[in-house]
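Each residue of the sequence shown is one higher than the one before, starting from -11 at the first, in the working numbering.
Backbone N, C-alpha and C fix where the C-beta goes; we use that ideal spot for every residue, glycine too.
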Amino acid sequence: MRLPLQWKVLIGYLVIAGVGMGTAGWLALDALEASDLDQLRAGLTAQARIAARLFARPLGTTKPDAAVIDAMADELGNAIHARITVINPEGLVLGDSYESGEALRRMDNHAARPEVRQAVTNGVGSSIRYSDTIGTRLLYLALPIRSGGPDSPLLGFVRMALPLTEIEGRHRALRNLLAAALGGAFLLSLGLSLLVARSVTRPLGDMVEAARRMARGEFREKIRTHSSDELADLAGVLNYMAAAIEETIQTLKDDRAKMAATLIAMQEGVLVLAPDGTVRLINPAMEGMVGRRDMEVLGRTYLEVICQPRLNEFITEVLKRMTASSTEIVFGTGPERTFQVQASPLVQGTEESPGLVLVFHDITDLRRLEQVRKDFVANVSHELRTPLTTIKGYIEALQDGGVDDREQRARFLETLRKQTDRLNLLITDLLLLAKIESGQVPLKQEPVALAGLIDRTVGLLRPLIDQKQHRVVVKIPAELPPIRGDEERLGQVFSNLLDNAIKYTPEQGTITISAELGKAAPPPAMIEVSVVDTGIGIPLQDLPRIFERFYRVDKARSRELGGTGLGLSIVKHLVEGHGGAVIVESLPGRGTKFLVRLPMATTPVLPYRT
Ligand code: ADP
């Protein structure tokens, strides 16, 4: 059973007080009673000695006269208010101050009475007994009666008896008084101990309650004490501790909130692993990368989150060595992406690393740009070298005698001219592209009538169209509003598109150039121009890349047809520079459609941009 502290203190106090006071009272009373009895016994002894002297004479006669002795006993008993019994050496009662006549003669033999027997052996005997004769407790005291000194012949015994009524009454009164005093003192100590116990247990109770509040996370309410003892010190320390814990918790909360905000805002994916490889934390960016919510991955092993052999190898290695390391890994839920993965062991105090932090930095775009740059350099070098090699070859052929053969010389020189033109075209396109990209090509913002522009473009390319016997259909409504832009540059856009349509459509194909007002709402209103051919088409996988510089579906065919691989790049940049867009749709073997969206001239003029 769990006894409250207050009761433990109380019971302890009461047991000590009760036992202490009870023992003290009992000992005092006992000593008092003993001393009273001693006094009484001493008085009775003195009287008995006198009586023994007095009774020595009648008993010393050869035939002691019982009547005389009894009369003396009566007289003496009356005088000292005590019972006097005179007994002969054989125990026969000769005289008694309480009995006389026949009753005296019928009295028992008193030789066996304890006080008489003690008197025989010790010279004095006493005992306390209840007397049936007078119905009360009596103190008996017996002395031997001798004729002379202690060795003289025994004449009998004198026995004195005194009722203890008075002394016992006094003792009873004293005992009652003591009991009352003890009861009072007990009650007083009960009250006092209750007070003391409560003065200790109440603040303790307050502290227990305060500790419970702290455990629930409530730190505001302080412990109040009215004392100034150690308990007050304890309360002070608890209050201080509560304030310190509250401050620490607040700091931790702030830090946590900052960390959570940082993790949420981070573009990089963060994954924290325990040393056994289970996921402890995952940030939203990482959730996006693995396509799983934190609920689904927390507590699971990283293998269940990202299963990529190279990554598994890397994590296993880092978990084993526990040193910071980084690697590049390709994975992805949708299209594959490249990640720079940085792994660092978690540091917590001086303790051994309790886990691993993995940061996934998506470097797909960076790698792609690097690749584009590398490809560009390689492509430019290659594109420049091809005509240069041809030119060099023909010059050498001319030097080696070709110059003397008139027919051969003319053919060689024609090839040299073509290759130089090609080189020139390539460099012109490259420079134009570079200028557009760096914003050095100013685009006029003028109204351009589309019908006229398309007519002029078709006119310029007419020899090529006729050469391949294509049919060109132009469907431009007369009421179509003008386009806002730079006529020369827009001419370049349509010339490139038409040139491609001519090139990549087998002979006798149909090329349709149509335009209409864009249906897309809201404004600015756009004009949609489409160039559709019935040519070879573009495979689906090449469609997203055909606007890249030097990207060709079929390099050999493009080169043979005199393409530089820069035409569509220039188209895209110029159209976007006009605030428009180019879209391509194609079906291999059936044909291709380029849709160019350009702003209408009536729409407010946008800020200049290239
Ligand atoms: P090129 O000088 O090689 O024509 P472009 O940038 O103009 O370079 O075009 C890039 C590639 O796109 C071409 O090599 C060709 O493979 C493809 N292409 C462009 N237009 C068409 C079209 N109308 N039909 C089929 N393929 C086309």
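Which class does residue i belong to by DSSP, given the choice of helix, strand or coil?
| i | result |
| --- | --- |
| Gly257 | strand |
| Arg29 | helix |
| Thr500 | strand |
| Thr598 | The predicted model places Thr598 with a pLDDT of 44, which falls under 50 and marks its position as unreliable; any figure quoted below should be read in that light. Of the three classes helix, strand and coil, the one that applies to Thr598 here is coil, per DSSP. |
| Thr11 | helix |
| Arg405 | helix |
| Thr266 | strand |
| Trp(-5) | helix |
| Gly0 | helix |
| Lys463 | strand |
| Ala569 | strand |
| Gly440 | helix |
| Lys507 | coil |
If you draw a straight line from the alpha carbon of residue i to that of residue j, how long is it in whole angstroms?
| i | j | result |
| --- | --- | --- |
| Val584 | Leu562 | 11 Å |
| Tyr596 | Tyr539 | Any reading at Tyr596 must be qualified, since the residue scores a pLDDT of 43, below 50, and its modelled position is unreliable; the value itself is stated next. If you take the alpha carbons of Tyr596 and Tyr539, they lie about 29 Å apart. |
| Arg356 | Glu256 | 18 Å |
| Glu425 | Ile237 | 55 Å |
| Ala5 | Gln(-6) | 16 Å |
| Val438 | Ile471 | A small correction: the amino acid at residue 438 is Leu; Val does not occupy that position in the sequence shown. Whole-angstrom Cα-Cα distance: 7 Å. |
| Val278 | Leu192 | 55 Å |
| Val360 | Asp243 | 42 Å |
| Arg93 | Leu47 | 17 Å |
| Glu63 | Arg163 | 36 Å |
| Thr416 | Leu575 | 32 Å |
| Val347 | Lys362 | 28 Å |
| Pro375 | Gln407 | 5 Å |
| Val460 | Thr493 | 12 Å |
| Met247 | Ala230 | 25 Å |
| Gly322 | Val436 | 44 Å |
| Ala599 | His159 | The first residue shown for the chain is -11 and the last is 598, placing residue 599 beyond what the model contains. |
| Glu87 | Ser119 | 13 Å |
| Val559 | Phe535 | 8 Å |
| Gly555 | Thr500 | 19 Å |
| Val572 | Leu531 | 7 Å |
| Gly0 | Leu226 | 28 Å |
| Ala624 | Gln328 | The requested residue 624 does not occur in the structure, where the chain is confined to residues -11 to 598. |
| Ala173 | Thr153 | 30 Å |
| Ile68 | Ala91 | 22 Å |
| Asp487 | Val429 | 22 Å |
| Thr189 | Ala220 | 13 Å |
Out of the options, point me to the one whose CA is closest to residue i's CA.
| i | options | result |
| --- | --- | --- |
| Gly506 | Phe535, Gly568, Ile453 | Gly568 |
| Ala312 | Thr326, Gln296, Gly565, Gln330 | Gln330 |
| Thr50 | Pro102, Leu143, Arg41, Leu166 | Leu143 |
| Val104 | Ala466, Arg545, Ala44, Val146 | Val146 |
| Thr109 | Glu90, Ala99, Val306, Thr590 | Ala99 |
| Ser332 | Glu324, Glu316, Arg309 | Arg309 |
| Thr73 | Gly389, Gln529, Ile133 | Ile133 |
| Gln378 | Arg459, Asp409, Ile252 | In the sequence under discussion, the amino acid at residue 378 is Thr, which differs from the Gln named in the question. It is Asp409. |
| Glu324 | Glu301, Val306, Ile351, Ser314 | Ile351 |
| Ala9 | Leu170, Ala40, Val(-3), Leu(-2) | At residue 9 the sequence reads Met, which differs from the Ala that was named. It is Leu170 whose Cα lies nearest to the Cα of Met9. |
| Lys380 | Leu411, Phe364, Val267, Asp392 | Leu411 |
| Ser464 | Ile453, Thr326, Glu504, Ala55 | Position check: residue 464 holds Ile in this sequence, whereas Ser was assumed. Taking only the C-alpha atoms, the option nearest Ile464 is Glu504. |
| Leu334 | Val184, Glu371, Val258, Thr403 | Val258 |
| Tyr382 | Ala223, Ala67, Gln106, Thr403 | Thr403 |
| Lys210 | Arg201, Arg450, Pro138 | Arg201 |
| Gly550 | Gly343, Arg397, Leu414, Pro77 | Leu414 |
| Leu222 | Ala203, Gly205, Ala198 | Ala198 |
| Ile233 | Ser115, Glu548, Gly205, Glu384 | Gly205 |
| Pro587 | Arg298, Ala544, Gln433, Val196 | Gln433 |
| Ile75 | Arg29, Ala203, His69, Met95 | Met95 |
Since residue i contacts residue j with CB under 8 Å, what's their CB separation in whole angstroms?
| i | j | result |
| --- | --- | --- |
| Ala149 | Arg71 | 4 Å |
| Gly497 | Thr580 | With a Cβ gap of about 11 Å, Gly497 and Thr580 do not count as contacting. |
| Leu20 | Leu127 | Not a contact, Cβ separation roughly 16 Å. |
| Val519 | Leu485 | 4 Å |
| Ile317 | Gln296 | 6 Å |
| Pro52 | Leu82 | 6 Å |
| Leu2 | Ser181 | 6 Å |
| Val184 | Val(-3) | 7 Å |
Mind checking whether the beta-carbon of residue i lies closer than 7 Å to any heavy atom of the ligand ATP?
| i | result |
| --- | --- |
| Ser557 | Of the ligands this structure carries, namely the ligand ADP, none is the ligand ATP. |
Check whether the Cβ of residue i lies closer than 8 Å to any Cβ atom in chain D.
| i | result |
| --- | --- |
| Leu32 | Absence of chain D from the displayed structure is noted, only one protein chain being present. |
Practice prompt. Could I get the ranges of all uninterrupted beta strand (DSSP E) runs contained in the region 74 to 155, with 3 residues as the minimum, in chain order?
Written response: Counting only runs of 3 or more, we get 81 to 84, 113 to 119, 124 to 134, 142 to 151.
Worksheet item: Of all the alpha helix (DSSP H) runs that stay within the bounds of the region 275 to 323, which reach a length of 4 or more residues?
Response: The region 275 to 323 contains these whole alpha helix (DSSP H) runs: 282 to 285, 290 to 293, 297 to 309.
Fill in: Start-end ranges of the beta strand (DSSP E) lying completely within the region 339 to 419, minimum 3 residues
Whole beta strand (DSSP E) segments, 3+ residues: 344 to 350.
Worksheet entry | Contained alpha helix (DSSP H) runs [length at least 4] in the region 27 to 68, N- to C-terminal order | Correct list: 54 to 68.
Discussion item. Which complete alpha helix (DSSP H) runs does the region 171 to 233 hold, if anything under 4 residues is left out?
Written reply: None, since the region 171 to 233 contains no complete alpha helix (DSSP H) of that length.
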